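Take this note's numbering: the last position of the sequence shown gets the number 136, and nothing is skipped along the way.
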Amino acid sequence: MALNNPYQTYRNNSVSTASPGELTLMLYNGCLKFIHIAKRAITDKNVEVKNTNIQKAQNIISELMVTLNTDLEVSKNMLHLYDYMNRRLMDANIKNDSAILDEVEGLVTEFRDTWKQVIQTNRQKQHAGLGGQA
3 MALNNPYQTY RNNSVSTASP GELTLMLYNG CLKFIHIAKR AITDKNVEVK NTNIQKAQNI
63 ISELMVTLNT DLEVSKNMLH LYDYMNRRLM DANIKNDSAI LDEVEGLVTE FRDTWKQVIQ
123 TNRQKQHAGL GGQA
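Encoded structure:
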């Protein structure tokens, strides 16, 4: 008999009820989490954990790449940056190089922070629009 895990239930509900923008934010946060774990694994000389978590980060970057609307010029530029991050993650995995992971972490953090700001700005606009409709 399987026991219900309240944390897992919460996580599943969070994902299934999230907006596309919130899902993208979750992907960025997940990517950062896996990069942190991989960096710690390099320090601990745990090759298997490093490899697994870098691959998870790469999978997230790949997902972000395929969901881009490449009709927009900004998306084309993002696609090039995502491709660069993916290649750097491969380099970090092959070379066991935390400095490369630091570089990718910085880029993902910038994307995440910018995306978070976009979500907040859109919410403020929505609330401002709703406030005027009484």
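Ideal Cβ positions, reconstructed from N, Cα and C, are used throughout, including at glycine. Computed from a predicted model, the values in this text were never measured in an experiment.
Where residue i falls: helix, strand or coil (DSSP)
{"i": "Thr111", "result": "helix"}
{"i": "Asp73", "result": "coil"}
{"i": "Lys97", "result": "helix"}
{"i": "Asn124", "result": "helix"}
Check whether residue i and residue j have beta carbons under 9 Å apart
{"i": "Glu112", "j": "Ile37", "result": "no"}
{"i": "Leu83", "j": "Thr72", "result": "no"}
{"i": "Asn124", "j": "Ala40", "result": "no"}
{"i": "Leu27", "j": "Glu65", "result": "no"}
{"i": "Ile121", "j": "Gly23", "result": "yes"}
{"i": "Lys52", "j": "Asn7", "result": "no"}
{"i": "Met87", "j": "Leu109", "result": "yes"}
{"i": "Asn31", "j": "Arg114", "result": "yes"}
{"i": "Ile44", "j": "Ser100", "result": "yes"}
{"i": "Met67", "j": "Asp46", "result": "no"}
Below-9 Å beta-carbon distance, residue i vs any chain D residue
{"i": "Ala43", "result": "Within the model displayed, chain D is absent; a lone protein chain is all it includes."}
Worksheet item: Pairing CB atoms from the segment 51-60 with CB atoms from the segment 90-104, are three or more of them under 8 Å?
Response: In short, these stretches touch, since the Cβ pair count reaches three.
Item to complete: Go through the segment 17-94 residue by residue and report every complete run of the beta strand (DSSP E) that reaches 3 residues or more, in order.
Response: For the segment 17-94, not one full-length beta strand (DSSP E) segment reaches 3 residues or more.
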